[in-house]
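In the numbering used here, the protein residues as written are 126 to 491.
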């Protein structure tokens, strides 16, 4: 009997050892694959710190650098549908977690798809608009505290991403066929023949209310599908973070000539504003990265990324270093021409399109 027990224990040990060995080989192989398949991204990337809350059920969606105290904010949602926290990483690395209450006093349990700040306010995406939170209350929030949103501002759609760039508020929607549809008038055939299925609104600063933005967009950008975040580079290009599922992520950089609109766009409220199409005519960089990159932030000459694949909801990113913030530098290009925002420093010659009228920009179908 003892001999049989010893033999059984030995066999069990061998089986467990084989399983552990296979698992280790799989992890090593996954890391090698990631570093080889996405070498252009990782060759340019630095990894300054971990994504806070990544092992607690938090699913990160966006990040924002706060100039006032050199801290970082992270928004997202909880996989168990409990109230959605905001994580704040101080300059010294201290982590604080707090929550947001809506203007009516109820808890915010939204997707946390975007957070962005200026000196006066933080802006947090919610259903059909965004919440406005005074920065004073946010900067000094203690761990576990609740921060009250002062107002909800309505928008034509529920923002999937949002960022304040050069004094303008940029926000847009997310398209993926069948699962995440967008309105028919957001499907636009661009001058190069591409059908873009989503839009990004650009709201100018409200001169009568410091830190706030106009309710009518200054202009609209036609964008591709699956956009998770946006920011601008130091040389003035618009960058989009594009990803969905386990497919590779993309950082797309566009050098848009804002002196030459591609037509006009009519909002749900009936406001007709200038339209600019992001397509192959103005695409300058396509940096391919690992799956599930989400919101992005431009800071100190680099693009900072966050990734949801290392959350407890998806797990696999834990095995290949996706639980950290990565910062990459895009290749330098020519500065873009602007009219209302982003200081113009050089004239960029683009394919002529200034004579294009609204009738020449067709609305495609889903």
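No residue lacks a Cβ here, since even glycine has one placed at the ideal position from N, Cα and C.
Taking only the alpha-carbon atoms, compute the straight-line gap between residue i and residue j and give it to the nearest angstrom.
i	j	result
residue 302	residue 312	12 angstroms
residue 176	residue 370	19 angstroms
residue 466	residue 221	Annotation note: pLDDT 43 at residue 466 (below 50); position unreliable, coordinate value reported separately. Straight-line Cα distance between these residues: approximately 34 angstroms.
residue 470	residue 356	Since pLDDT at residue 470 reaches only 36, below the 50 mark, its modelled position is unreliable, and no value is offered.
residue 327	residue 219	34 angstroms
residue 305	residue 252	14 angstroms
residue 454	residue 341	33 angstroms
residue 183	residue 329	33 angstroms
residue 256	residue 223	15 angstroms
residue 269	residue 209	12 angstroms
residue 449	residue 457	25 angstroms
residue 314	residue 266	46 angstroms
residue 307	residue 323	7 angstroms
residue 249	residue 258	8 angstroms
residue 379	residue 409	6 angstroms
residue 294	residue 338	7 angstroms
Go ahead and label residue i buried or exposed: buried means 16 or more other beta carbons lie within 10 angstroms of its beta carbon, across all protein chains shown.
i	result
residue 229	exposed
residue 441	exposed
residue 74	Given a span of 126 to 491 for the chain in the structure shown, any question on residue 74 remains unanswerable.
residue 292	exposed
residue 239	buried
residue 286	buried
residue 288	buried
residue 172	exposed
residue 531	In the structure as shown, the chain starts at 126 and stops at 491, and residue 531 therefore has no counterpart that could be examined.
Can you tell me where the beta strand (DSSP E) holding residue i begins and where it ends?
i	result
residue 262	Looking at the DSSP string, residue 262 is not in any beta strand (DSSP E); the run it does join, the alpha helix (DSSP H), is 260-264.
residue 386	Per DSSP, residue 386 belongs to no beta strand (DSSP E) and is neither H nor E.
residue 291	Where residue 291 is concerned, there is no enclosing beta strand (DSSP E), given that its DSSP letter is neither H nor E.
residue 353	352-357
residue 201	196-203
residue 365	363-367
Which one or two residues does DSSP pair with residue i in a beta bridge?
i	result
residue 424	427
residue 397	391
residue 382	Its beta-bridge partners do not exist; DSSP assigns none.
residue 347	324 and 402
residue 277	256
residue 413	375
residue 271	224
With respect to the alpha helix (DSSP H) encompassing residue i, which residues constitute its N-terminal and C-terminal limits?
i	result
residue 166	164-169
So does residue i have its beta carbon nearer than 7 angstroms to some heavy atom of the ligand SAM?
i	result
residue 440	Absence of the ligand SAM is noted for the structure shown, with no ligands found whatsoever.
Taking three-plus beta-carbon pairs below 8 angstroms as touching, is the segment 380-400 in contact with the segment 411-422?
no
May I ask you to verify whether the segment 400-408 touches the segment 419-427, counting CB pairs closer than 8 angstroms and requiring at least 3?
no
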